[in-house]
Each structure stands twice: as C-alpha cells, then as structure tokens.
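Residue numbers (this note's numbering): 173 to 406.
Glycine residues also receive a C-beta, built at the ideal position from the N, C-alpha and C atoms.
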Amino acid sequence: MRAVTTTTILWDVDGTLLFNAASGGGELYHRAVEHATGRELHPPLPRAHGKTDGQILHEILEAFELAPELHDDAVAALDALSAERAAAGDRREIAPGIAEALDAAAARGWMNALLTGNSATRSRLKLSGAGLDPERFDWARSFFGDRARERREITLAARAALPDERLVIIGDTPRDDVAAVAAGIPFIAVATGVYTVDALRETGAVLVVPTLAEGLDAVLAAIEALPAPGAAAA
Ligand SMILES: [Mg+2]
173 MRAVTTTTIL WDVDGTLLFN AASGGGELYH RAVEHATGRE LHPPLPRAHG
223 KTDGQILHEI LEAFELAPEL HDDAVAALDA LSAERAAAGD RREIAPGIAE
273 ALDAAAARGW MNALLTGNSA TRSRLKLSGA GLDPERFDWA RSFFGDRARE
323 RREITLAARA ALPDERLVII GDTPRDDVAA VAAGIPFIAV ATGVYTVDAL
373 RETGAVLVVP TLAEGLDAVL AAIEALPAPG AAAA
C-alpha cells in the first residue's frame with residue numbers, strides 16, 4: 173500500500189490572492205523605518221514588487237546607513253501602521269477565481285497555506301480586510317518574510333519544515349519563481365500582479381495562467397501531475 177502524500181499549495185498574497193494596493197503602499201515601509209529611528213529620512217527608495225518585507229526594510233536601513241538591529245522595531249512599526257491603515261478602511265480586492273480555487277483545492281484534500289513576503293500580522297490584516305477568511309489557510313504550514321532578506325529563505329524554510337509534502341507555489345512575480353527554484357518547489361504563475369502572461373512565461377513556471385478564474389482547470393491538472401517529493405524523475 174502506498175502512503176498518501178499531503179499536497180500543500182503555498183499561496184503568495186500580494187498580486188496573487190489579492191490585487192496589489194492601487195495606492196501603491198510602498199511608502200509604508202519608509203514610514204515604518206522612520207518610526208523605528210524616530211527621525212525623517214529622505215528621499216524614499218523606489219518601490220519594488222515581489223520583494224519580502226524583510227528585504228525592503230533591510231534595504232532602507234542600509235541606504236540610510238542605519239543599524240541592522242533596528243530591523244525588529246521596523247517590523248513592529250510596519251505591523252502597527254498596517255493595522256492603523258486597515259482600521260481606517262484600507263481594503264484590497266480578492267483576485268478573480270481565488271475563492272473557487274481555494275474551494276477546489278480543499279475539496280481534493282489539499283492544504284491551502286501562505287508563502288509570502290509579508291509578516292503573519294500583515295497577511296491576516298490584508299486577507300480579512302479583503303473579505304477572504306484567514307481561516308481558509310493552514311497557518312501552521314505558512315511561511316512569512318518579515319525577517320527574510322531574500323525570498324529564498326522563505327521557500328527553503330518551507331521545504332525544510334515540510335519535507336514529505338508535495339509543495340507547489342502559486343505567485344505573480346519572477347522573484348517567486350527564483351525562490352521556488354532555489355528550494356526545488358514547482359511554481360505556477362498567475363498574471364494578476366504587475367507581470368503579464370508573456371513576462372511570466374520567461375520564468376521556469378510549470379504553468380502560467382492569466383487569472384485563477386480562467387485557468388483553474390489547468391492549475392488543478394498541473395498540481396495533480398506533480399511528483400511527490402523524493403519520487404524519481406520520469
Ligand atoms: Mg506577489
């Protein structure tokens with residue numbers, strides 16, 4: 173008898189489960205570091221998609237020659253600013269087909285979990301703000317990037333924590349692909365962030381779909397076809 177392998181989908185949040193904030197939102201990181209240092213910093217760094225919170229905060233601290241030890245204070249300030257913003261009514265929108273995709277995965281006995289550059293606090297705020305119930309995700313199987321300077325730190329942590337599970341990452345940027353490859357986790361790309369289907373085809377994604385609404389059947393079939401970890405390559 174063959175042991176049943178658990179399949180876990182590691183969902184990216186920004187640009188994948190939820191549309192990116194229309195207002196940008198990049199200045200929140202800058203303000204978090206200002207809060208942590210207690211002084212104003214000029215000029216802010218340009219915004220970058222697909223970077224972890226940890227990486228963005230680290231780059232701001234470095235650009236202003238601030239002590240790396242301020243990182244924890246900056247994370248706490250970022251969480252607090254995000255909570256303030258959520259309380260003030262800032263809302264994301266759920267990307268098309270996400271609710272149905274989560275249901276379809278759960279119906280197959282697969283686990284829905286998160287792998288994101290956000291902190292757990294910010295992930296929860298963004299999901300509940302958008303009306304996507306955070307309890308749809310298995311938080312014990314989820315991985316966050318508020319301290320990761322590189323996204324691969326998160327994917328490697330996921331692979332190490334869940335060695336026997338069939339993992340797949342669904343994300344919206346080439347950075348998700350690079351991090352997935354580093355950990356040997358297959359990547360499925362969805363073009364609901366800033367990258368187009370054509371741009372995402374340049375990555376190593378096993379499948380690229382425009383949205384989960386249009387591509388759900390293909391995504392489910394691609395996940396079904398993934399080998400279990402440790403299985404010999406065909
Ligand atoms: Mg993303």
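At a Cβ-Cβ threshold of 7 Å, R264 and F191 count as neighbours.
Following the DSSP letters along the chain, one finds T180 in no alpha helix (DSSP H) but inside the beta strand (DSSP E) bounded by residues T179 to W183. R319 is the residue among R319, A271, A371 and L274 whose C-alpha sits nearest the C-alpha of T293. Cα atoms of L287 and L182: separation of roughly 5 Å, rounded to the nearest angstrom.
Per DSSP, reduced to three states, the secondary structure at D262 is coil, with no helix or strand assignment.
Contiguous beta strand (DSSP E) elements confined to the stretch 275–351 occur at 283–288 and 338–343, taking only those with 3 or more residues. Per the CB criterion, closer than 6 Å to any heavy atom of ligand 1, the qualifying residues run in chain order as D184, D186, G187, T188, G222, G343, D344, T345 and G365. Under DSSP, I360 shares a beta bridge with I342 and L379.
Listed as beta-bridge partners of D370 by DSSP are no residues whatsoever. Rounded to the nearest angstrom, the Cβ distance from A267 to T188 is 7 Å, consistent with a contact under 8 Å. Membership of T209 in the alpha helix (DSSP H) is indicated by the continuous run E199 to T209.
The C-beta of G365 has 16 or more other C-beta atoms within 10 Å across all chains shown, which makes the residue buried.
The beta carbon of R203 lies closer than 7 Å to those of L253 in the same chain, with the five residues before and after it left out. If the five residues before and after I357 are omitted, its C-beta is found closer than 8 Å to the C-beta atoms of L182, T327, A330, R331, L339, V340 and I341, all from its own chain and listed in chain order.
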